[in-house]
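Engineer: Please read through the structure below; I'll follow up with questions.
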Amino acid sequence: MRLLDCCHVRLLFAPRILLFRARRVWSSPNAVPAELKWVFEENGRSFLLSREWIPLQGPSEDALTRRADSCSLLAAVSQLYRERMLHRAVAALAASGRPSRGGPDALHLVELLEGASEGGSTVMGGVLERDELAIWWAALLRVALLWARGEQALQECTQAEAALRNIHDHTDPLPRAVASAMMARKGLLAAQQPSARDTLNACNRASTRLWDCASHPRHLASATSQVLLTTSCEWLLQTRSELWERNGKAPASGPHTDGFHRDLALFRRLAQNSPDLQLKLHLYEATQRVVAGANPVKTQLGLDRCLRRRLSHYPSVVCAKGSTENEPRKEEADALLLACKHLGSLTSRDQKDGMLAEAASILGALGHRRALHQCQRLMVAPAVASSAC
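Quick note on numbering: the sequence shown equals residues 86 to 474 in our numbering.
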């Protein structure tokens with residue numbers, strides 16, 4: 086690393102030779118110290134030899150990772166690599182509602198982050214301790230990515246909660262705010278008959294912590310922190326709407342609608358400068374109207390805004406079937422499902438069948454198992470769609 090840091094570009098073959106010789110010395114994979122395995126993996130080796138980490142600017146100000154030895158070059162480069170993997174995994178999470186473009190699997194990026202976070206010994210004069218903060222974010226991202234695929238991930242949630250206990254001395258409020266939202270979401274997914282009061286209280290606690298994080302300019306200035314905040318906010322909005330559905334779908338009471346309104350206000354604030362979040366914003370605004378029992382015609386107009394890319398020349402959400410103008414997005418499938426379940430009086434049986442077929446096509450392309458299963462149940466019994474789920 087010292088050679089990479091100071092040598093002329095014409096001498097860059099030398100570090101490659103040294104890496105090759107080091108790999109020969111540690112011929113067995115088990116012989117390589119855990120904290121150095123990332124160096125010999127394809128992503129780590131490419132990052133190291135690319136010299137993108139040069140020049141080092143001292144200790145990183147990124148609050149999402151840690152390093153114990155501020156004087157060790159190896160520890161500094163290892164931290165920068167962890168940050169790179171974390172940012173890429175978060176970017177993959179942000180794009181999880183769109184079809185894959187053939188990039189690296191997001192869960193593989195999480196595994197690389199975990200591998201580069203191991204430590205516990207002194208290597209080449211540098212102390213490489215286990216980065217518990219990065220381990221926590223890796224566990225959290227695994228849960229988030231599995232939820233984005235429609236899986237329950239209850240075991241992964243338990244692992245994330247255990248990792249959270251290892252960063253009890255961390256002063257940044259972001260990890261605990263995101264963890265609170267995760268636990269509120271898990272509480273609904275894990276329980277067959279969740280307590281409405283307990284679930285709402287958990288959502289309210291998480292909402293307060295997320296608002297506190299959103300008041301920090303540092304979190305708003307970081308694209309990675311913004312994705313984590315918006316994802317957590319979505320968990321709360323989804324939890325509140327699903328809890329309302331499970332409890333009979335009558336117009337929600339004051340505490341329920343107040344909490345939904347507060348979380349939606351936070352999501353709107355986070356989404357104001359992000360074009361990619363506008364479809365989700367329209368969807369949650371329409372969901373709020375459904376939960377509150379507002380005028381269904383105006384609610385349908387809000388859903389039409391969600392589907393404007395697919396509507397093309399058609400005037401209404403019920404005519405969206407068959408349009409392939411742009412790549413599918415999960416928000417569009419969610420809008421179609423919302424209309425089928427709660428705006429049934431505005432659609433005929435044939436229109437509803439077409440909307441469900443379109444939603445199933447989108448969800449199948451995205452691989453979202455939970456929503457696809459829900460859609461298939463509605464397709465089997467469309468006549469009771471308004472009372473299903």
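Cβ atoms here follow ideal geometry from the backbone N, Cα and C, with glycine treated the same way.
For G387, I'd like the list of residues in its chain whose CB is within less than 7 Å of its CB, leaving aside the five on either flank, ordered along the chain.
Structural biologist: Closer than 7 Å at the Cβ level, and outside the excluded window around G387, lie H367, E370, A371 and R374.
Engineer: Since C318 contacts L355 with CB under 8 Å, what's their CB separation in whole angstroms?
Structural biologist: Indeed they touch by this definition, with Cβ atoms about 7 Å apart.
Engineer: Look at the Cβ atom of G272, then the Cβ atom of T256, and state whether they are nearer than 7 Å.
Structural biologist: Against a cut-off of 7 Å, the Cβ pair of T256 and G272 comes out as no contact.
Engineer: Relative to the C-alpha of M481, which candidate in E214, G182, W123 and E417 has its C-alpha closest?
Structural biologist: Outside the displayed range of the chain (86 to 474) lies residue 481, so it cannot be described from this structure.
Engineer: Distance, Cα to Cα, L239 vs W221?
Structural biologist: Distance between the alpha carbons of L239 and W221: 16 Å.
Engineer: Less than 8 Å between C-beta atoms, sequence neighbours within five positions excluded: which residues of the same chain meet that for H304?
Structural biologist: The answer, listed in chain order, is L259, C298, S310, Q311 and L314.
Engineer: Under 8 Å by Cβ, that's how I've got L321 and Q385 pegged, so tell me the actual separation to the nearest angstrom.
Structural biologist: About 25 Å; that fails the 8 Å criterion.
Engineer: Find the nearest neighbour of L457 within the set D435, K415 and T342, judged by alpha-carbon distance.
Structural biologist: Selected option, being the one with the closest Cα: K415.
Engineer: What's the C-alpha gap between W296 and L351?
Structural biologist: If I take the Cα positions, the gap works out to 7 Å.
Engineer: Return the chain-ordered ranges of every alpha helix (DSSP H) run that is complete within the stretch 320 to 400 and spans a minimum of 4 residues.
Structural biologist: Qualifying alpha helix (DSSP H) stretches, in chain order: 339 to 356, 363 to 377, 381 to 391 and 393 to 396.
Engineer: Across the stretch 375 to 383 and the stretch 338 to 345, are there enough close Cβ pairs to call them in contact, namely three or more that are closer than 8 Å?
Structural biologist: Flag = yes, the stretch 375 to 383 and the stretch 338 to 345 touch.
Engineer: May I have the straight-line CA-CA distance separating Q164 from T150, to the nearest angstrom?
Structural biologist: One C-alpha to the other measures close to 7 Å.
Engineer: Go to G129, then tell me how far its alpha helix (DSSP H) extends in each direction, as first and last residue.
Structural biologist: That run of the alpha helix (DSSP H) goes E127 to S135.
Engineer: When the Cα atoms are used, what is the spatial distance from L192 to L178?
Structural biologist: Rounded to the nearest angstrom, the two C-alpha atoms are 10 Å apart.
Engineer: Since V228 and E241 are thought to touch, with beta carbons under 8 Å apart, how far apart are those beta carbons, to the nearest angstrom?
Structural biologist: Contact flag correct, Cβ pair sits at about 5 Å.
Engineer: Leaving out five residues on either side along the sequence, give the residues of the same chain with a beta carbon under 8 Å from the beta carbon of R290.
Structural biologist: These residues qualify, in order along the chain: S265 and A269.
Engineer: Counting only the same chain and skipping the five closest in sequence on each side, list residues whose C-beta sits under 7 Å from that of G452.
Structural biologist: Excluding positions up to five away in sequence, the list reads R234.
Engineer: Provide the residue span of the alpha helix (DSSP H) that contains A269, from first to last.
Structural biologist: Run containing A269: L259 to A275, per the alpha helix (DSSP H) assignment.
Engineer: Compute the Euclidean distance between the alpha carbons of T432 and L423, then round it to the nearest angstrom.
Structural biologist: Whole-angstrom Cα-Cα distance: 12 Å.
Engineer: Of all the alpha helix (DSSP H) runs that stay within the bounds of the stretch 216 to 241, which reach a length of 4 or more residues?
Structural biologist: Listed in chain order, the complete alpha helix (DSSP H) runs (minimum 4 residues) inside the stretch 216 to 241 are 217 to 233.
Engineer: How far does the alpha helix (DSSP H) with L431 in it extend, from its first residue to its last?
Structural biologist: Run containing L431: none; DSSP gives neither H nor E here.
Engineer: For W296, report the span of its alpha helix (DSSP H) as first-last.
Structural biologist: W296 -> alpha helix (DSSP H) spans A281 to A299.
Engineer: With a threshold of 16 other CB atoms inside 10 Å of the CB of L134, please say whether the residue is buried or exposed.
Structural biologist: Its Cβ having fewer than 16 others within 10 Å, L134 is exposed.
Engineer: Just curious, the alpha helix (DSSP H) that C425 is in, first and last residue?
Structural biologist: First-last of the alpha helix (DSSP H) with C425: K415 to H427.
Engineer: At what residues does the alpha helix (DSSP H) containing H255 begin and finish?
Structural biologist: Element bounds for H255: n/a, residue is neither H nor E.
Engineer: Are C425 and L392 touching if we call contact CB-CB under 7 Å?
Structural biologist: No, Cβ-Cβ distance for C425 and L392 is not below 7 Å.
Engineer: Give me the Cβ distance between L226 and V263, rounded to the nearest whole Å; I'm assuming they're in contact under 8 Å.
Structural biologist: Going by Cβ atoms, the distance from L226 to V263 rounds to 10 Å, so no, they are not a contact pair.
Engineer: Count the other CB atoms, across all protein chains shown, that sit within 10 Å of the CB of C156; report buried if there are 16 or more and exposed otherwise.
Structural biologist: C156 should be labelled exposed.
Engineer: Which residues mark the beginning and the end of the alpha helix (DSSP H) in which L192 is found?
Structural biologist: Start and end: A191 to A201.
Engineer: For A306 and N358, I'd like the C-alpha separation in whole angstroms.
Structural biologist: C-alpha separation (whole angstroms): 11 Å.
Engineer: Compare the Cα-Cα distances from E203 to each of G182, E327 and R152 and report the closest residue.
Structural biologist: Selected option, being the one with the closest Cα: R152.
Engineer: Let's test the definition: count the other Cβ atoms within 10 Å of the Cβ of P336 and tell me whether it reaches 16, buried, or not, exposed.
Structural biologist: Looking at its Cβ environment, which holds fewer than 16 other Cβ atoms inside 10 Å, P336 is exposed.
Engineer: What residue from L362, R282 and L364 has the CA that sits closest to W329's CA?
Structural biologist: Nearest option by C-alpha distance: R282.
Engineer: With a threshold of 16 other CB atoms inside 10 Å of the CB of G129, please say whether the residue is buried or exposed.
Structural biologist: Burial call: buried.
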